[in-house]
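Chemist: Please read through the structure below; I'll follow up with questions.
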Ligand SMILES: Cc1ncc(COP(=O)(O)O)c(C=O)c1O
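Pasting the structure below:
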């Protein structure tokens with residue numbers, strides 16, 4: 208983009224902001240992504256762009272893995288380029304093989320079933336409940352077949368799943384492995400322990416929309432020595448991403464900071480997009496939406512991303528606390544509007560990645576009311592059962608309702 212076009216775009220942003228102000232609208236509705244990125248992360252990303260010779264420094268990665276394991280109360284942690292990759296890297300270590308079945312929620316992200324399908328493992332969908340959007344215990348047992356080897360439960364929107372303990376119990380009775388999808392719930396606790404530690408493995412995401420971010424990234428933890436040995440074997444054969452990818456990822460830290468977090472982002476985003484927009488990383492490339500495994504899927508986390516992870520981890524408790532405090536605004540809103548509040552189960556501490564609410568279907572379809580009345584643009588996770596694709600999922604009636612009616616509110620502003 209040349210200077211003329213950039214100046215033009217900035218002028219348009221300034222005019223748009225002035226117009227919104229004049230109409231009494233919020234110039235800067237809170238963004239949903241990258242809310243834990245700060246100036247220190249930007250400075251770190253900039254510094255690492257000039258330290259190419261250290262991009263494969265194993266010691267930095269190990270420091271992040273050890274810090275994450277310590278903070279999370281886990282024995283082992285392994286860092287990859289995404290939660291999906293961390294999950295995929297653990298399947299063989301869990302003893303799962305092609306032809307096995309795993310039960311997963313019928314309301315999730317396509318990256319989750321993909322990780323199994325790439326390994327030839329079938330996914331069987333079970334319904335969710337509408338208090339925390341976790342697996343519904345009432346229908347779970349009916350989904351178990353002689354081929355079932357594992358249950359994947361999730362803690363969605365940062366809420367600890369309502370039927371967490373009961374699901375763990377059921378899995379134990381049937382001798383099934385438990386995978387905890389904590390991609391949206393890093394730091395949430397149940398009975399004083401961080402989620403992800405009660406199953407056989409737990410995995411976490413530091414993708415750009417999550418409670419902490421390295422733009423893309425993920426960690427898997429386990430407390431089991433044998434499973435850890437299996438993951439380590441896989442990990443040892445996993446390459447780092449290319450230098451080109453690492454460079455783009457670091458530039459994406461700057462792009463997202465100026466686009467979603469900087470107080471002057473209403474015009475600075477134009478500069479960031481002009482400078483880095485062409486290298487934008489997409490969390491869900493088309494091939495993954497189509498169920499195809501990308502050639503560069505299986506990648507471990509390199510040093511610059513681990514360094515960012517370490518920096519984010521230092522701030523995560525404070526940001527999670529802020530999310531919990533801010534939840535009071537939406538609790539109150541639910542009470543006054545007569546909406547159902549999401550459930551915080553006894554002995555749990557959620558992290559409220561987003562605040563999920565069931566609204567009328569037409570309010571999900573057209574969300575201008577939220578901007579006008581509350582100055583926010585809600586998130587729409589999930590618009591399909593297997594976000595963002597329309598794979599058919601049968602007999603999951605609560606999930607059908609969530610698809611029609613669940614919107615989610617931003618938590619940091
Ligand atoms: C519930 C859930 N599980 C798994 C994932 C995959 O995480 P990642 O994007 O780090 O691969 C995501 C998000 O992208 C998610 O929302």
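In our numbering, the protein residues as written are 208 to 620.
We put the CB at the ideal spot given by N, CA and C, even for glycine.
Taking DSSP's pairing of strands, which residues face residue 302 in a bridge?
Modeler: Your numbering for residue 302 matches position 95 in the chain shown. Answer is none; residue 302 lacks a bridge partner.
Chemist: Is residue 586 helix, strand or coil by DSSP?
Modeler: In the chain shown, the residue the question calls residue 586 occupies position 379. DSSP places residue 586 in strand when its eight states are reduced to three.
Chemist: Out of curiosity, what's the CA-to-CA distance linking residue 486 and residue 435?
Modeler: Numbered from 1 along the chain shown, position 279 holds the residue referred to as residue 486. Numbered from 1 along the chain shown, position 228 holds the residue referred to as residue 435. Spanning the two alpha carbons is a distance of roughly 35 Å.
Chemist: Quick check: residue 578 and residue 614, are their CB atoms within less than 8 Å of each other?
Modeler: Within the chain shown, the letter at position 371 stands for residue 578. Within the chain shown, the letter at position 407 stands for residue 614. Against a cut-off of 8 Å, the Cβ pair of residue 614 and residue 578 comes out as no contact.
Chemist: Between residue 541 and ligand 1, is the CB less than 7 Å from at least one heavy atom?
Modeler: Working through the chain shown from its first residue, we reach residue 541 at position 334. No, since every heavy atom of ligand 1 falls outside the 7 Å radius drawn around the Cβ of residue 541.
Chemist: In this structure, does DSSP put residue 258 in helix, strand or coil?
Modeler: Position 51 of the chain shown, counted from the start, is the residue given in the question as residue 258. It is coil, neither helix nor strand.
Chemist: Taking the straight line between their C-alpha atoms, what separation do you get for residue 299 and residue 404?
Modeler: The residue given as residue 299 occupies position 92 in the chain shown. The residue given as residue 404 occupies position 197 in the chain shown. Roughly 19 Å separates the two Cα atoms.
Chemist: Check the DSSP bridge columns for residue 312 and list the partner residues they point to.
Modeler: Indexing the chain shown from 1 puts residue 312 at position 105. In DSSP, residue 312 forms a bridge with 333.
Chemist: DSSP beta-bridge partners for residue 414?
Modeler: Within the chain shown, the letter at position 207 stands for residue 414. Looking at the DSSP assignment, residue 414 forms a beta bridge with 422.
Chemist: Which whole-angstrom value describes the C-beta separation of residue 509 and residue 448, a residue pair presumed to lie in contact below a C-beta threshold of 8 Å?
Modeler: Position 302 of the chain shown, counting from 1, holds the residue named residue 509. Position 241 of the chain shown, counting from 1, holds the residue named residue 448. At roughly 6 Å, the Cβ-Cβ gap stays under 8 Å, so residue 509 and residue 448 are in contact.
Chemist: Quick one: give me the first and last residue of the beta strand (DSSP E) that residue 286 is part of.
Modeler: Within the chain shown, the letter at position 79 stands for residue 286. First-last of the beta strand (DSSP E) with residue 286: 283-287.
Chemist: Taking 7 Å as the line, does the beta carbon of residue 318 fall inside it for any heavy atom of ligand 1?
Modeler: For this step, residue 318 is matched to residue 111 along the chain shown. Checking the Cβ of residue 318 against ligand 1 gives yes.
Chemist: Let me know if residue 305 comes out buried or exposed under the rule of 16 or more other beta-carbons within 10 Å of its beta-carbon.
Modeler: Translated into positions along the chain shown, residue 305 becomes position 98. Exposed.
Chemist: Less than 8 Å between the C-beta atoms of residue 468 and residue 244, yes or no?
Modeler: The residue labelled residue 468 in the question sits at position 261 within the chain shown. The residue labelled residue 244 in the question sits at position 37 within the chain shown. Yes, the pair counts as a contact, with Cβ atoms nearer than the cut-off.
Chemist: Which one of 356, 223 and 551 has the shortest CA to CA distance from residue 301?
Modeler: Taking the first residue of the chain shown as 1, we reach residue 301 at position 94. The option with the nearest alpha carbon to residue 301 is 356.
Chemist: Applying the 10 Å Cβ sphere with the 16-neighbour rule, what's the burial state of residue 555?
Modeler: Numbered from its first residue, the chain shown carries residue 555 at position 348. Counting Cβ neighbours within 10 Å, residue 555 comes out buried, since at least 16 surround it.
Chemist: Can you list, in chain order, the residues of its chain whose CB lies under 8 Å from that of residue 430, leaving out five sequence neighbours each side?
Modeler: Taking the first residue of the chain shown as 1, we reach residue 430 at position 223. Cβ within range, chain order: 281, 282, 283 and 404.
Chemist: Does the distance between the C-beta of residue 496 and the nearest non-hydrogen atom of ligand 1 fall short of 7 Å?
Modeler: Position 289 of the chain shown, counting from 1, holds the residue named residue 496. Using a cutoff of 7 Å, the CB of residue 496 does not count as near ligand 1, since none of the ligand's heavy atoms is closer than that.
Chemist: Consult DSSP for residue 535 and reduce its assignment to one of helix, strand or coil.
Modeler: Taking the first residue of the chain shown as position 1, residue 535 is located at position 328. Reduced to three states, the DSSP call for residue 535 is helix.
Chemist: Residues in the same chain with beta-carbon distance under 7 Å from residue 342, minus the five sequence neighbours each way, listed in chain order, please.
Modeler: Here the question's residue 342 lines up with position 135 in the chain shown. Excluding positions up to five away in sequence, the list reads 312, 333, 335, 360, 368, 370 and 374.
Chemist: Per DSSP, what kind of secondary structure is residue 478 in: helix, strand or coil?
Modeler: As a position in the chain shown, residue 478 is number 271, starting the count at 1. Reduced to three states, the DSSP call for residue 478 is helix.
Chemist: With respect to 7 Å, is the separation between the Cβ of residue 444 and the closest non-hydrogen atom of ligand 1 below this value?
Modeler: Here residue 444 refers to the residue found at position 237 when the chain shown is read from its first residue. Not under cutoff, so the answer is no.
Chemist: Let me check one thing: in DSSP terms, what residues is residue 616 bridge-paired to?
Modeler: Counted from its first residue, the chain shown places residue 616 at position 409. DSSP lists 562 as partners of residue 616.
Chemist: What span of residues does the beta strand (DSSP E) with residue 388 cover, start to end?
Modeler: Residue 388 sits at position 181 when you count from the first residue of the chain shown. In this chain, the beta strand (DSSP E) harbouring residue 388 covers 384-388.
Chemist: Once DSSP output is grouped into helix, strand and coil, what is the label at residue 220?
Modeler: Residue numbering aside, residue 220 sits at position 13 when the chain shown is read from its first letter. If DSSP states are grouped into helix, strand and coil, residue 220 belongs with the helices.
Chemist: Got a sec, what are the start and stop residues for the beta strand (DSSP E) residue 359 sits in?
Modeler: For the purposes of this step, residue 359 is taken as residue 152 along the chain shown, with counting starting at 1. Taken as a continuous stretch (DSSP letters only), the beta strand (DSSP E) holding residue 359 covers 355-361.
Chemist: Indicate the three-state DSSP secondary structure (helix, strand or coil) for residue 507 in the structure shown.
Modeler: Position 300 of the chain shown holds residue 507. Residue 507: strand per DSSP, three-state reduction.
Chemist: Quick check: is any heavy atom of ligand 1 less than 7 Å from the C-beta of residue 264?
Modeler: Start at 1 with the first residue of the chain shown, and residue 264 comes out as number 57. No, since every heavy atom of ligand 1 falls outside the 7 Å radius drawn around the Cβ of residue 264.
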